[in-house]
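Asker: Protein chains in written order, with the numbering used here: chain A, 276 to 431; chain B, 276 to 431; chain C, 7 to 86; chain D, 7 to 86.
Okay, handing you the structure first.
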Amino acid sequence: MAAVQAKFELAAAPFAVAPLRERLLDDAAGAYASFEGWVRNHNDGRPVHGLMYEAYAALAEAEGQRIVEEAAQRFAITGVHCVHRTGELAIGELAVWVGVGAGHRDAAFAACRWVIDEVKARVPIWKHERYADGDRQWLHPVAATTEGSAPREDTP
Amino acid sequence: MAAVQAKFELAAAPFAVAPLRERLLDDAAGAYASFEGWVRNHNDGRPVHGLMYEAYAALAEAEGQRIVEEAAQRFAITGVHCVHRTGELAIGELAVWVGVGAGHRDAAFAACRWVIDEVKARVPIWKHERYADGDRQWLHPVAATTEGSAPREDTP
Amino acid sequence: MARLRLLYFASLREATGIDGEAVDSAAPDLAGLYEEVAARHGLRWPREHLRVAVDGAFARWSDAPREGSEVAFIPPVSGG
Amino acid sequence: MARLRLLYFASLREATGIDGEAVDSAAPDLAGLYEEVAARHGLRWPREHLRVAVDGAFARWSDAPREGSEVAFIPPVSGG
C-alpha cells in the first residue's frame, strides 16, 4: 500500500483549494471529504469587519503536522492535507481548509472532522477580531468547565 | 434570514466542482463541508475498469430535490447542493458531489453526511460495473437484514 | 382494466429485455400488477426488495393502478 | 541560573507590550518561571489555562528551564 500523504501548512496569503484537492485524487480512493472555515460577518451576534490570525509558526507547523500524521494512523485514509491562513483576512476569505481522500466515506468524514477539531484545539494560532463598532479583541476560548474564571487580558 | 439554497441535479457529463462550491460561499456562513464520490479502481477486492450509472431521471430528480430540501429543514445550514453523474464513467472520475454551507461546522458536516447517505439509499440510480476480467454486473445492494435472500437478475 | 405504461431499469431492464412496455391489467393493486409482470417475465426479485413508483413519485403497493399512468418497479439503488 | 528567551503571543504580547525578551531565571521549573513573569508583567491568566512550549515543542510545567532555550506561554488557541 502506498504511503498516506499527510501534510499541514501555514499560508500567509490567500490560497486556492482546487489544486490541493487535485493532489488528493487517487485511483484507489472512492471518497473525498473536505472542510473549509470562512471568515463570517458576525460572531455571537456581533458584526465583524475582519480578523487577523497570529501563529507561533514553528510550533503550529510541528503540531499541525503531528495532527495530520496521527489522522493517517487512526483512519483508513489515502491522504490528508490541512492549510491554515495567518495574517489579515477579510469577510468571506478562506481561513482553513482540510481535505481527506479515503476508500470509503466513513473514514473520509471521520478523519476530516477529527483533523479540524484537533487543529482548533491544539495548534497555536490565535484569532483577533475587528468589530463594526471599532472594538477589537483576541479570542481565547477557555474550556467550558473553567469558563467562569476565564480572564480577558485585552478587555476590561 | 435569506432562503436556504437547496438544489439537486443529475449530470450526463463531467462537471467542475469549483464553480458549484463558489455558489455556496456566503458572508454569513463560517463553515463549508463537501463530499465527493470517485470511481475506484476496485470494489470488494475486484479490479474495476469503469462503470455506468443509470437513473430513472424524473424520479431521481424529484427524490434528490426532496432530500436537499429536507436537509435545509433539518439542519442549520445556509445552502446545500448535490450533483450526481449518469452515463459512462472512467476510473478516477467524479460520480457524486455534495456541498453544504453553514454557520458552524457541526451542521455543515451533519447535513453533508446525511445528504450523501439519503441519496445512496433513496435516489433511483443504479451502478453497472465493468471488471478487469470482462465480467460486468448491476449493483443492487439489499439491506443487511434480508441479504441472504438477495437475488441477482444478471448473474447466475 | 387499466391501460398502463411499465418502465424497467438496471437489472430489471436486462431481465425483461425491454426498457418499457404498454400493458392492460385488471390487478386490484400495484402488488398484484408486479406479480403478473414477474410471472410473465420470470423476474426473480421478491416484491419486498423493490419499491414502486407511479408517474415519477414513489407509491404504495396497495395503490390501485391508475388508467394511463406510468409505473416503475425500483430495484435496490446503488448511486453515490 | 538559566539564560532564556521568552516569547509572547496574542493577548500575552499585548499585555506585556513585547513579543519577546531575554531573561535570567533561577526558577526550578517552568511553572515557577511563569509565576515570576506573571508577577513582573501583571498577567492575569492563571497557569491552568495556559500551556508551555520549549524550543517549538509543547513541554511540561514541571520541566526545568534549559539554558539557552526559547520558552513560550500559550494562551487558549482560536484557530480554525
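Ideal Cβ positions, reconstructed from N, Cα and C, are used throughout, including at glycine.
Computed from a prediction, not measured in an experiment: that's the story for all the values here.
Could you name each continuous alpha helix (DSSP H) segment of 4 residues or more that falls completely within the region 319 to 353 of chain A, going from the start of the chain to the end?
Answerer: Complete alpha helix (DSSP H) runs here, min 4: 332 to 349.
Asker: Would DSSP call PHE384/B helix, strand or coil?
Answerer: DSSP places PHE384/B in helix when its eight states are reduced to three.
Asker: Going by DSSP in three states, HIS55/D sits in which element: helix, strand or coil?
Answerer: In this structure, HIS55/D counts as helix in the three-state DSSP scheme.
Asker: Using a Cβ cut-off of 8 Å, which residues of the region 364 to 398 of chain A contact any Cβ in chain B, in chain order?
Answerer: Cβ contacts with chain B come from ILE366, GLY367, GLY378, ARG380, ALA383, PHE384, CYS387, ARG388 and ILE391.
Asker: Using 10 angstroms around the beta-carbon of SER68/D, count the other beta-carbons present and answer buried if the total reaches 16, otherwise exposed.
Answerer: SER68/D comes out exposed.
Asker: In the DSSP assignment, find the beta strand (DSSP E) that holds HIS403/B and state where it starts and stops.
Answerer: Per DSSP, HIS403/B belongs to the beta strand (DSSP E) from 400 to 406.
Asker: Do CYS357/B and PHE290/B have their C-beta atoms within less than 7 Å of each other?
Answerer: No, they are not a contact pair.
Asker: In chain D, what lies closer than 9 Å to VAL314/A by C-beta?
Answerer: In chain order: nothing, as chain D lies at least about 12 Å away.
Asker: Would you please state the rounded distance, in angstroms, between the beta carbons of ALA383/A and ALA306/A? I believe it to be under 8 Å.
Answerer: Yes, ALA383/A and ALA306/A are in contact; Cβ-Cβ is about 4 Å, under 8 Å.
Asker: Could you tell me whether the Cβ of HIS55/C comes closer than 7 Å to any Cβ of chain B?
Answerer: Output row for HIS55/C: interface = yes.
Asker: Rounded to the nearest angstrom, what separates ILE391/B and ASP392/A at their Cα positions?
Answerer: Their backbone Cα atoms lie some 22 Å apart in a straight line.
Asker: Let's see if you can read the secondary structure: which residues bound the beta strand (DSSP E) around GLU73/C?
Answerer: Neither: GLU73/C is in no beta strand (DSSP E) and is coded neither H nor E.
Asker: Between VAL323/B, THR361/B and PHE310/B, which lies nearest to GLU333/B when the distance is taken from Cα to Cα?
Answerer: In the sequence as presented, Glu is not what sits at residue 333/B; that position holds Ala. Out of VAL323/B, THR361/B and PHE310/B, THR361/B has the C-alpha closest to the C-alpha of ALA333/B.
Asker: Between the Cα of ALA45/C and those of PHE15/C, ARG57/C, GLY85/C and THR22/C, spot the shortest distance and give me the residue it belongs to.
Answerer: For ALA45/C, the nearest C-alpha among the options comes from THR22/C.
Asker: Taking just the CA atoms, how far does ALA335/B sit from ALA32/C?
Answerer: Straight-line Cα distance between these residues: approximately 29 Å.
Asker: Excluding five sequence neighbours on each side, which residues of the same chain lie with their C-beta closer than 6 Å to the C-beta of ARG321/B?
Answerer: Here the set comprises TYR406.
Asker: Counting only runs that start and end within the region 285 to 315 of chain B, where is the alpha helix (DSSP H) found for 4 or more residues in a row?
Answerer: List check, alpha helix (DSSP H) in window: 293 to 299.
Asker: Residues of the region 314 to 330 of chain B in Cβ contact with chain C at a cutoff of 7 Å, in chain order, please.
Answerer: For the region 314 to 330 of chain B, which is checked against every Cβ of chain C, the residues closer than 7 Å are TYR328 and GLU329.
Asker: Across which residues does DSSP place TRP67/C in a beta bridge pair?
Answerer: Beta-bridge pairing links TRP67/C to no other residue.
Asker: Assuming THR353/A and GLY378/A make a contact with CB atoms under 8 Å, what is their CB distance in whole Å?
Answerer: Their Cβ separation, rounded to whole angstroms, is 7 Å, which keeps THR353/A and GLY378/A in contact under 8 Å.
Asker: Between the Cα of PRO34/C and the Cα atoms of SER84/C, ARG66/C and VAL83/C, which residue gives the shortest distance?
Answerer: Comparing Cα-Cα distances from PRO34/C to each of SER84/C, ARG66/C and VAL83/C, the minimum goes to ARG66/C.
Asker: I'd like to check one pair, GLU76/C with ASP61/C: are the Cβ atoms closer than 7 Å?
Answerer: Their beta carbons are under 7 Å apart, which means ASP61/C touches GLU76/C by this criterion.
Asker: Alpha carbon to alpha carbon, how far is ASP429/B from ARG315/B?
Answerer: Only weak support exists for where ASP429/B lies, its pLDDT of 39 falling under 50; the value from the coordinates is given anyway. Using only the alpha carbons, I get a separation of about 22 Å.
Asker: Apart from the five residues just before and just after LYS402/A, which ones in its own chain have a Cβ nearer than 8 Å to its Cβ?
Answerer: LEU326, MET327, TYR328, TRP413 and LEU414.
Asker: Measuring alpha carbon to alpha carbon, tell me which of MET7/C, ARG19/C and ALA8/C ends up nearest ALA330/B.
Answerer: The candidate whose alpha carbon is nearest that of ALA330/B is ARG19/C.
Asker: For GLU363/A, which residues of its own chain have a beta-carbon under 6 Å away from its beta-carbon, when the five flanking residues on both sides are left out?
Answerer: Excluding residues within five positions, the ones whose Cβ falls inside 6 Å are MET327.
Asker: Would you give the residue range spanned by the alpha helix (DSSP H) that ALA44/C belongs to?
Answerer: Run containing ALA44/C: 36 to 47, per the alpha helix (DSSP H) assignment.
Asker: Should PRO399/B go down as buried or exposed, given a rule of 16 or more other Cβ atoms within 10 Å for buried?
Answerer: With 16 or more Cβ atoms within 10 Å of its Cβ, PRO399/B is classed as buried.
Asker: Would you mind reading off the limits of the alpha helix (DSSP H) that contains ALA16/C?
Answerer: It spans 16 to 22 - the alpha helix (DSSP H) in which ALA16/C sits, taken as one unbroken run.
Asker: Using 10 angstroms around the beta-carbon of ALA489/B, count the other beta-carbons present and answer buried if the total reaches 16, otherwise exposed.
Answerer: Outside the shown range of chain B (276 to 431) lies residue 489/B, about which nothing can therefore be said.
Asker: Please list the residues of the region 300 to 314 of chain A that have a C-beta atom closer than 9 Å to any C-beta atom in chain B, keeping them in chain order.
Answerer: Within the region 300 to 314 of chain A, the qualifying residues are LEU300, ASP301, ASP302, ALA303, ALA304, GLY305, ALA306, TYR307, ALA308, SER309, PHE310, GLU311, GLY312, TRP313 and VAL314.
Asker: Should ARG427/B be labelled buried (16 or more other beta-carbon atoms within 10 Å of its own) or exposed?
Answerer: Confidence at ARG427/B is low in this model, with a pLDDT of 43, below 50, so its placement is unreliable and the value that follows should be read with caution. Per the 10 Å Cβ criterion, exposed.
Asker: Just to confirm, are VAL394/A and GLY312/A a CB contact at a threshold of 7 Å?
Answerer: No, they are not a contact pair.
Asker: With DSSP as the reference, label ARG50/D as helix, strand or coil.
Answerer: Residue state, collapsed to three classes: coil.
Asker: Can you find a CB in chain B that lies within less than 7 Å of the CB of ALA407/A?
Answerer: It does not; no Cβ of chain B falls within 7 Å.
Asker: If VAL417/A and PRO71/D are in contact, beta carbons under 8 Å, what's the gap, nearest whole angstrom?
Answerer: In fact, because the Cβ distance is near 26 Å, the residues do not count as touching under 8 Å.
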